[in-house]
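Below: one structure, written as structure tokens.
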Amino acid sequence: MRVTLVNSQVLDGNNVVPPLGLMYIAAVLEKAGHDVQLYDADPEYHDTIVREIKEFRPDLIGLSFLTVGYQKAFRLMKQLKKELPDVTCCAGGVHPTVKPEETMNEFGFDFIAVGEGENTAVEACERLEKKQSLAGVKGIMYRENGRIIDNGGRDLIKDLDTIPFPARHLIDMGPYLKPPGIIRGHADSNQTTVVTSRGCPFKCIYCGSHNIFGRKTRRRSVKNVVDEMEHLNKTYGMKGIYFCDDTFTLSPKWVREYCEELKKRGLKIKWACQSRVDQTDEDLMRVMKNSGLVQLDFGVESGSEKILKVLGKGGHGDRTEQIKHSFKLCKKLDIRTLATFIIGNPEETKEDIEQTFSLAKEIKADYTAFYFLTPYPGTDI
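Each number in the numbering used here corresponds to the 1-based position in the sequence shown with 354 added.
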């Protein structure tokens, strides 16, 4: 069958992060024999996208969006339904997963894919192609005879190596390669994102990633990850990889094996990742640096021990001292750093905010970003 997948972008123009989630869905659907069209929908070009989708004549349209992009996604789906009133429409991703029934009713979707979507998408398309009901398809909430039926959750994919590489060939990679690129300060803007794991064991109250991928971490094999990096280097000329795992360094053993494999293959690729100050040490940082690491991103969040505990980021001992130590190590090893902070937290006082500003000044990250706390659906706030 003909399937159109659309990621509704949040920002207008110059998006450097391709929609990995939908590209994985596209890859498994292509593997299952379906004809797939994929859009990372910049709001500036909605009219053009709708026209091209209409020309493609899809049997199914799937839309993915975040809570922060709700209004833009709603307007896009309204346009699509006006031009293609008889096409089956569904949604997936973070917001539809945490608010499935509400999303179905407000957008008029025929069904919602809840949670991790690859196996759900393949089974749902198989049913639809055979003109069969979606009854019993796990991970689906659907509409039948005016009623909304919840089929219950689907088991998470145990072996991530069974999922094909993202279908990057379905989109123009050019727009994502504009300077400065996703790795800040890296001279070559030929960079892209890769994910090596799913699931996060930590319980930060502002994060909702567990709604899709669960609390238990599942990780691809080192070989599978480096194979993808080699493919990106040879096929697209990628010189930089940003790993967008929630915490790349959760398994030091895996990270060391990965670094060794990179050196073994002679891959000259610069890379960056997200980590935590309690999940790195000097020895591991050296190993990473020697295999091409150029930047570590840390969610520092606050300079107040009290607020760190409120956010679920507190640990054993003095966390702010751990933060200072990690940033000193990065400077010592010439690893660039990004520090992100959150303002407007529960129980936060002026004194707590001043402690945050003081810590930000002291650690002197190469890049610093401040955000206001936002209580998104699916988080513990």
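From the three backbone atoms N, C-alpha and C, an ideal C-beta is built for every residue, glycine too.
Exercise for the section: Quick one: residues in its chain with C-beta nearer than 7 Å to the C-beta of isoleucine 502, no 5 flanking neighbours on either side, listed in chain order? Expected result: Residue numbering aside, residue 502 sits at position 148 when the sequence shown is read from its first letter. Excluding sequence neighbours, isoleucine 502 sits near Glu455, Met458, Met495.
Exercise for the section: Go to isoleucine 466, then tell me how far its beta strand (DSSP E) extends in each direction, as first and last residue. Expected result: Looking up residue 466 in the sequence shown gives position 112. Start and end: 465-467.
Exercise for the section: Label lysine 718 either buried or exposed according to how many other C-beta atoms from any shown protein chain fall within 10 Å of its C-beta, with 16 as the threshold for buried. Expected result: Reading the sequence shown from its first residue, position 364 is the one you call residue 718. When all chains shown are included, lysine 718 counts as exposed.
Handout entry: Through-space distance from lysine 484 to tryptophan 625, alpha-carbon basis
Key = Reading the sequence shown from its first residue, position 271 is the one you call residue 625. Reading the sequence shown from its first residue, position 130 is the one you call residue 484. Between tryptophan 625 and lysine 484, the C-alpha separation is close to 44 Å.
Problem - valine 468 and valine 382 closer than 8 Å at C-beta - result: Counted from its first residue, the sequence shown places residue 468 at position 114. Counted from its first residue, the sequence shown places residue 382 at position 28. No, the Cβ-Cβ distance between valine 468 and valine 382 is not below 8 Å.
Handout entry: At least three beta-carbon pairs within less than 8 Å, the stretch 401-416 to the stretch 432-442
Key = yes
Exercise for the section: Could you say if the stretch 693-703 and the stretch 642-654 meet the contact criterion of at least three C-beta pairs nearer than 8 Å? Expected result: yes
Problem - Range of the contiguous beta strand (DSSP E) that encloses glutamate 470 - result: As a working note, residue 470 is residue 116 in the sequence shown. Neither: glutamate 470 is in no beta strand (DSSP E) and is coded neither H nor E.
Problem - Alpha-carbon spacing of leucine 392 relative to valine 360, whole angstroms - result: For the purposes of this step, residue 392 is taken as the residue at position 38 of the sequence shown. For the purposes of this step, residue 360 is taken as the residue at position 6 of the sequence shown. Distance between the alpha carbons of leucine 392 and valine 360 is about 6 Å.
Handout entry: beta strand (DSSP E) runs wholly inside the stretch 356-401, at least 3 long, in chain order
Key = 356-362, 389-395
Handout entry: Exposure label - valine 357; buried when at least 16 CB within 10 Å
Key = As a first step, residue 357 is located in the sequence shown; it is residue number 3 there, counting from the start. Buried: at least 16 other Cβ atoms inside 10 Å.
Problem - Of the listed residues Asp542, Met355, Met377, Gly553, nearest to cysteine 479 (C-alpha basis) - result: Sequence index remark: in the sequence shown, residue 479 carries index 125 (1-based). Of the listed residues, the one whose Cα sits closest to cysteine 479 is Met355.
Problem - Supposed close pair leucine 665, cysteine 558 - CB separation, criterion 8 Å - result: Looking up residue 665 in the sequence shown gives position 311. Looking up residue 558 in the sequence shown gives position 204. Confirmed, about 6 Å.
Handout entry: Run of the alpha helix (DSSP H) containing valine 654, from where it starts to where it stops
Key = Position 300 of the sequence shown, counted from the first residue, corresponds to residue 654. Unbroken run through valine 654 is the beta strand (DSSP E), 647-655; no alpha helix (DSSP H).
Exercise for the section: Would you mind listing the alpha helix (DSSP H) stretches within the stretch 477-525 that are 4+ residues and don't spill past its ends, in chain order? Expected result: none
Problem - Check whether valine 390 and glutamine 433 have beta carbons under 8 Å apart - result: If you number the sequence shown from 1, residue 390 lands on position 36. If you number the sequence shown from 1, residue 433 lands on position 79. In this structure, glutamine 433 does not lie closer than 8 Å to valine 390 by Cβ.
Problem - Range covered by the beta strand (DSSP E) that runs through tyrosine 721 - result: Reading the sequence shown from its first residue, position 367 is the one you call residue 721. It spans 721-726 - the beta strand (DSSP E) in which tyrosine 721 sits, taken as one unbroken run.
Problem - As assigned by DSSP and simplified to three states, the class of leucine 713 - result: Along the sequence shown, one-based indexing puts residue 713 at 359. Of the three classes helix, strand and coil, the one that applies to leucine 713 here is helix, per DSSP.
Handout entry: Residue nearest to valine 370 in terms of C-alpha spacing, selected from Asp396, Ala380, Ala386
Key = In the sequence shown, the residue the question calls residue 370 occupies position 16. Ranking the options by Cα distance to valine 370, first place goes to Asp396.
Problem - Test item: CB-CB of threonine 547 and tyrosine 596 under 8 Å - result: Residue numbering aside, residue 547 sits at position 193 when the sequence shown is read from its first letter. Residue numbering aside, residue 596 sits at position 242 when the sequence shown is read from its first letter. Yes, the pair counts as a contact, with Cβ atoms nearer than the cut-off.
Practice task
Please state whether DSSP places cysteine 598 in a helix, a strand or coil.
Solution key: Looking up residue 598 in the sequence shown gives position 244. Secondary structure of cysteine 598 (DSSP, three-state): coil.
Handout entry: beta strand (DSSP E) segment containing lysine 624, residue limits
Key = Translated into the one-based positions of the sequence shown, residue 624 becomes position 270. Unbroken beta strand (DSSP E) run through lysine 624: 624-629.
Exercise for the section: Return the chain-ordered list of same chain residues with a C-beta closer than 7 Å to the C-beta of glycine 594, the five sequence neighbours on each side being excluded. Expected result: On the sequence shown, residue 594 is found 240 positions in, with the first residue counted as 1. Hits under 7 Å: Gly535, Ile537, His540, Asp542, Asn544, Gln545, Ile623, Lys624, Trp625.
Practice task
Specify the secondary structure class of glycine 416 as computed by DSSP and reduced to three states.
Solution key: The residue labelled residue 416 in the question sits at position 62 within the sequence shown. Strand, per DSSP.
Exercise for the section: Rounded to whole angstroms, what's the CA-CA distance from valine 422 to phenylalanine 461? Just pull it up for me. Expected result: On the sequence shown, position 68 is the one that residue 422 refers to. On the sequence shown, position 107 is the one that residue 461 refers to. Distance between the alpha carbons of valine 422 and phenylalanine 461: 16 Å.
Practice task
Return helix, strand or coil for glycine 446, following the three-state DSSP convention.
Solution key: Here residue 446 is taken as the residue at index 92 of the sequence shown, counted from 1. If DSSP states are grouped into helix, strand and coil, glycine 446 belongs with the strands.
Practice task
With a 10 Å radius around its C-beta and 16 neighbouring C-beta atoms as the bar for buried, classify alanine 427 as buried or exposed.
Solution key: Numbered from its first residue, the sequence shown carries residue 427 at position 73. By the 10 Å Cβ count, alanine 427 comes out buried.
Practice task
Alpha carbon to alpha carbon, how far is leucine 683 from threonine 603? Give it in angstroms, no decimals.
Solution key: On the sequence shown, position 249 is the one that residue 603 refers to. On the sequence shown, position 329 is the one that residue 683 refers to. Cα to Cα, threonine 603 sits roughly 16 Å from leucine 683.
Problem - Beta bridge counterpart(s) of valine 548 as assigned by DSSP - result: Looking up residue 548 in the sequence shown gives position 194. Valine 548 pairs with Phe597.
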